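>
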Amino acid sequence: MSENTIRLPDTSKLVISSSPHLHEDDSVRRIMFMVIVALLPACAAGAWFFGPRALWVLLVCVASCIASEILCTRLMGREVHVDDGSAALTGLLLGMNLPVTAPTWMCVIGSVIAIVLGKMIYGGLGYNPFNPALVGRVALLLACPTAMTTWVAPMTNHLEWAGVNSVTQATPLGVSELTAGALPFSYWNLFWGRTGGCIGETCVPALLLGGIFLIALNIIRWQVPVFYLATVALITGVTHWLAQAQCAPPLYHLLSGGLMLGAFFMATDMVTTPLSRKGAVVFAIGCGVLTSVIRIWGSYPEGVSFSILIMNSLTPLIDRWTAGKPFGTPRRAPREVKP
Numbered sequence: 109m110s111e112n113t114i115r116l117p118d119t120s121k122l123v124i125s126s127s128p129h130l131h132e133d134d135s136v137r138r139i140m141f142m143v144i145v146a147l148l149p150a151c152a153a154g155a156w157f158f159g160p161r162a163l164w165v166l167l168v169c170v171a172s173c174i175a176s177e178i179l180c181t182r183l184m185g186r187e188v189h190v191d192d193g194s195a196a197l198t199g200l201l202l203g204m205n206l207p208v209t210a211p212t213w214m215c216v217i218g219s220v221i222a223i224v225l226g227k228m229i230y231g232g233l234g235y236n237p238f239n240p241a242l243v244g245r246v247a248l249l250l251a252c253p254t255a256m257t258t259w260v261a262p263m264t265n266h267l268e269w270a271g272v273n274s275v276t277q278a279t280p281l282g283v284s285e286l287t288a289g290a291l292p293f294s295y296w297n298l299f300w301g302r303t304g305g306c307i308g309e310t311c312v313p314a315l316l317l318g319g320i321f322l323i324a325l326n327i328i329r330w331q332v333p334v335f336y337l338a339t340v341a342l343i344t345g346v347t348h349w350l351a352q353a354q355c356a357p358p359l360y361h362l363l364s365g366g367l368m369l370g371a372f373f374m375a376t377d378m379v380t381t382p383l384s385r386k387g388a389v390v391f392a393i394g395c396g397v398l399t400s401v402i403r404i405w406g407s408y409p410e411g412v413s414f415s416i417l418i419m420n421s422l423t424p425l426i427d428r429w430t431a432g433k434p435f436g437t438p439r440r441a442p443r444e445v446k447p
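Using the working numbering, the letters of the sequence shown map in sequence onto residues 109 to 447.
1) Go to LEU383, then tell me how far its alpha helix (DSSP H) extends in each direction, as first and last residue.
2) When you compare the stretch 205 to 212 with the stretch 254 to 262, are there three or more beta-carbon pairs, one atom per stretch, that lie closer than 8 Å?
3) Report the rounded CA-to-CA distance for TRP349 versus LEU242, giving the unit in angstroms.
4) Roughly how many angstroms lie between the CA atoms of TYR235 and VAL379, to the nearest whole one?
5) State buried or exposed for MET374, treating a residue as buried only when at least 16 other CB atoms are found within 10 Å of its CB.
6) Rounded to the nearest angstrom, how far is the Cβ of GLU410 from that of GLY366, given a contact under 8 Å?
7) Are the CB atoms of PRO382 and ILE327 nearer to each other than 8 Å?
8) Can you name, in chain order, every residue of its own chain whose Cβ lies under 7 Å from the Cβ of LYS386, other than the five neighbours on each side?
9) In terms of alpha-carbon separation, which member of ARG302, ALA356, PHE372 lies closest to ARG329?
10) Is it right to say LEU267 is buried, meaning 16 or more other beta carbons lie within 10 angstroms of its own, or is it exposed?
11) Using the DSSP secondary-structure output, state which residues sit across from VAL346 in a beta bridge.
12) Give me the residue from ALA351, GLY231, THR347, ILE144 with the minimum Cα distance to ALA314.
13) DSSP three-state call for VAL260: helix, strand or coil?
14) Specify, as a first and last residue, the run of the alpha helix (DSSP H) that ASP377 falls within.
15) Report the three-state DSSP secondary structure of ARG329 (helix, strand or coil).
16) Over what stretch of residues does the alpha helix (DSSP H) that includes MET214 continue unbroken?
17) Based on Cα-Cα distance, which residue from PHE141, ALA146, MET142 lies nearest to LEU316?
18) Would GLU177 and MET228 qualify as a contact pair, given that the criterion is a beta-carbon distance under 8 Å?
19) Looking only at its own chain, which residues have a Cβ that is under 8 Å from the Cβ of GLN331, when we skip the five neighbours before and after it?
20) How many angstroms separate the CA atom of CYS355 from the CA atom of ILE404?
21) According to DSSP, simplified to helix, strand and coil, what is GLY318?
22) Let me know the secondary structure DSSP gives THR430 once reduced to three states.
23) Could you give the DSSP three-state label for VAL190: helix, strand or coil?
24) Quick one: give me the first and last residue of the alpha helix (DSSP H) that GLU177 is part of.
25) What is the DSSP secondary structure of PRO240, counted as helix, strand or coil?
26) Is GLY308 closer than 8 Å to GLY406 when the C-beta atoms are compared?
27) Who are the Cβ neighbours of CYS395 in its own chain at under 7 Å, not counting the five residues just before and after it?
28) Assign TRP300 to one of two classes, buried (16 or more other C-beta atoms within 10 Å of its C-beta) or exposed (fewer than that).
29) From PRO211 to ALA162, what does the alpha carbon distance come to, in whole angstroms?
30) Alpha carbon to alpha carbon, how far is PRO333 from TYR295? Give it in angstroms, no decimals.
31) If you measure from the beta carbon of ILE404 to each beta carbon in chain C, is any gap under 8 Å?
32) Based on Cα-Cα distance, which residue from SER364, ALA195, ARG428, VAL168 lies nearest to ILE217?
33) If you count every other CB in all the chains shown that lies within 10 Å of the CB of LEU248, and 16 or more means buried, which is it?
34) May I ask you to report which of helix, strand or coil DSSP gives CYS252?
35) Answer yes or no: do VAL165 and GLY203 have a C-beta to C-beta separation smaller than 8 Å?
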């Protein structure tokens, strides 16, 4: 055979798969770094409203996640790639999902659970079916419900806002549940974060700023937060219209709890969400429906974490249902009509 002869591959070994096939120049390290940068305004707002201990909670979670990943990769005999920033991002998201009163030991345990049970047990980054930070948060919520639902009224060294109590304060969603729809918080306070809640979930402008930053860089799809928030607004709007005395208005739901944090930073996780745009829309609508159902009729006033994890488990099915038709697949032959 001549040296210039081109050998074609065996076509029987070629596999036709659906899109996407495009390669982007963005590295994992750059994406993680940009997401961390986008979270910094919300972290700064949490430190402003809840004091310097908020920074301690965030630092402990980040350090514990990094240490847990280093230990796991060494035990698994793999090369350590902690410099990609994924462990630091998981720790930052977990810390933002914790109250400022969370003890240090609880931050460490939640971080270990997030990395070990939420990520490394499945093979590491890219193989985890669930959002690791939410795995850690839900585990702590189920194991330590009192510590996870003890909130401090937002205050700084020169400002203090007292809601239900001058020291501890219920979240807006919790108060809405207790008072059968009465709304003691103003929309202005809800928007700026002058309410009880987790460290990184209360300040809406900071979260919107970070989310828009990621959308502008094309790091996250705009369809996920938009359809997520729109679904919650639609369902809560209908229920409020039908039962105004029992159900809070849609704007109250949009500005309360961890909805903004979840919609922009956790429901948009590249690993645990569908690949196609159509699948992302289905995923977002499902998150919105589940969040609304849990908030309105569930035993927990907040349902963002549970809804995203449930939809994470359905991501493979959504990918299968919404996958594009592979290029080159023959069309189905038309059925013959018998005379």
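Built from N, CA and C at the ideal position, the CB exists for glycine as well.
Predicted model only: the values in this text are computed from it and were never measured.
Considering the structure as presented:
1) As a first step, residue 383 is located in the sequence shown; it is residue number 275 there, counting from the start. Premise fails: LEU383 is in no alpha helix (DSSP H) and is neither H nor E.
2) Judged by pairs of C-beta atoms under 8 Å, the stretch 205 to 212 touches the stretch 254 to 262, as three or more such pairs exist.
3) For this step, residue 349 is matched to residue 241 along the sequence shown. For this step, residue 242 is matched to residue 134 along the sequence shown. Cα to Cα, the separation comes out at about 32 Å.
4) Within the sequence shown, numbered from 1, the residue matching residue 235 stands at position 127. Within the sequence shown, numbered from 1, the residue matching residue 379 stands at position 271. Distance between the alpha carbons of TYR235 and VAL379: 7 Å.
5) As a first step, residue 374 is located in the sequence shown; it is residue number 266 there, counting from the start. MET374 counts as buried, since at least 16 other C-beta atoms from the protein chains shown sit within 10 angstroms of its C-beta.
6) Sequence index remark: in the sequence shown, residue 410 carries index 302 (1-based). Sequence index remark: in the sequence shown, residue 366 carries index 258 (1-based). The distance from the Cβ of GLU410 to that of GLY366 is about 6 Å, consistent with a contact at the 8 Å cut-off.
7) Along the sequence shown, one-based indexing puts residue 382 at 274. Along the sequence shown, one-based indexing puts residue 327 at 219. With contacts defined by Cβ atoms closer than 8 Å, PRO382 and ILE327 do not form a contacting pair.
8) Here residue 386 corresponds to residue number 278 of the sequence shown, with the count starting at 1. Counting only Cβ-Cβ distances below 7 Å, and skipping sequence neighbours, we find THR430.
9) Taking the sequence shown and counting its residues from 1, the one referred to as residue 329 is at position 221. Nearest option by C-alpha distance: PHE372.
10) Within the sequence shown, the letter at position 159 stands for residue 267. Because LEU267 carries a pLDDT of 42, less than 50, the predicted location of this residue cannot be relied on, and the following value inherits that uncertainty. LEU267 sits exposed, since fewer than 16 C-beta atoms from the chains shown fall within 10 Å of its C-beta.
11) On the sequence shown, residue 346 is found 238 positions in, with the first residue counted as 1. In DSSP, VAL346 forms no bridge with anything.
12) As a working mapping, residue 314 is identified with position 206 in the sequence shown. The option with the nearest alpha carbon to ALA314 is ILE144.
13) The sequence position of residue 260 within the sequence shown is 152, counting from 1. Per DSSP, reduced to three states, the secondary structure at VAL260 is strand.
14) Here residue 377 refers to the residue found at position 269 when the sequence shown is read from its first residue. Note, ASP377: premise wrong, no alpha helix (DSSP H); not H, not E.
15) Residue 329 sits at position 221 when you count from the first residue of the sequence shown. Here ARG329 sits in coil by DSSP.
16) In the sequence shown, residue 214 corresponds to position 106, counting from 1. Note, MET214: alpha helix (DSSP H), 212 to 224.
17) Start at 1 with the first residue of the sequence shown, and residue 316 comes out as number 208. Answer by Cα proximity: ALA146.
18) Taking the sequence shown and counting its residues from 1, one reaches residue 177 at position 69. Taking the sequence shown and counting its residues from 1, one reaches residue 228 at position 120. Contact annotation: GLU177 and MET228 have beta-carbon atoms nearer than 8 Å.
19) As a working mapping, residue 331 is identified with position 223 in the sequence shown. Correct list, in chain order: ARG385, ALA388, VAL389, ALA392.
20) Numbered from its first residue, the sequence shown carries residue 355 at position 247. Numbered from its first residue, the sequence shown carries residue 404 at position 296. Near 7 Å, if we compare the C-alpha coordinates of ILE404 and CYS355.
21) Here the question's residue 318 lines up with position 210 in the sequence shown. Under the three-state reduction of DSSP output, GLY318 falls in the helix class.
22) Counting from 1 along the sequence shown, the entry for residue 430 is found at position 322. For THR430, the secondary structure class from DSSP, reduced to helix, strand or coil, is helix.
23) To locate residue 190, count along the sequence shown from 1; it is residue 82. DSSP places VAL190 in helix when its eight states are reduced to three.
24) Sequence index remark: in the sequence shown, residue 177 carries index 69 (1-based). Per DSSP, GLU177 belongs to the alpha helix (DSSP H) from 161 to 183.
25) Here residue 240 corresponds to residue number 132 of the sequence shown, with the count starting at 1. PRO240 falls in the helix class under three-state DSSP.
26) If you number the sequence shown from 1, residue 406 lands on position 298. If you number the sequence shown from 1, residue 308 lands on position 200. It is not a contact, given that the beta carbons lie outside the stated cut-off.
27) Translated into positions along the sequence shown, residue 395 becomes position 287. Hits under 7 Å: TYR336, ALA375, SER415, ILE416, MET419.
28) To locate residue 300, count along the sequence shown from 1; it is residue 192. Classification of TRP300: buried, given that the 10 Å Cβ count is 16 or more.
29) Working through the sequence shown from its first residue, we reach residue 211 at position 103. Working through the sequence shown from its first residue, we reach residue 162 at position 54. Distance between the alpha carbons of PRO211 and ALA162 is about 11 Å.
30) For the purposes of this step, residue 295 is taken as the residue at position 187 of the sequence shown. For the purposes of this step, residue 333 is taken as the residue at position 225 of the sequence shown. Near 20 Å, if we compare the C-alpha coordinates of PRO333 and TYR295.
31) As a matter of chain content, chain C is missing from the structure shown, which is built from one protein chain.
32) The residue labelled residue 217 in the question sits at position 109 within the sequence shown. Taking only the C-alpha atoms, the option nearest ILE217 is VAL168.
33) As a first step, residue 248 must be located in the sequence shown, where it is residue number 140. By the 10 Å Cβ count, LEU248 comes out buried.
34) Residue 252 sits at position 144 when you count from the first residue of the sequence shown. Here DSSP, grouped into helix, strand and coil, assigns CYS252 to coil.
35) For the purposes of this step, residue 165 is identified with residue 57 of the sequence shown, where counting begins at 1. For the purposes of this step, residue 203 is identified with residue 95 of the sequence shown, where counting begins at 1. Their beta carbons are under 8 Å apart, which means VAL165 touches GLY203 by this criterion.
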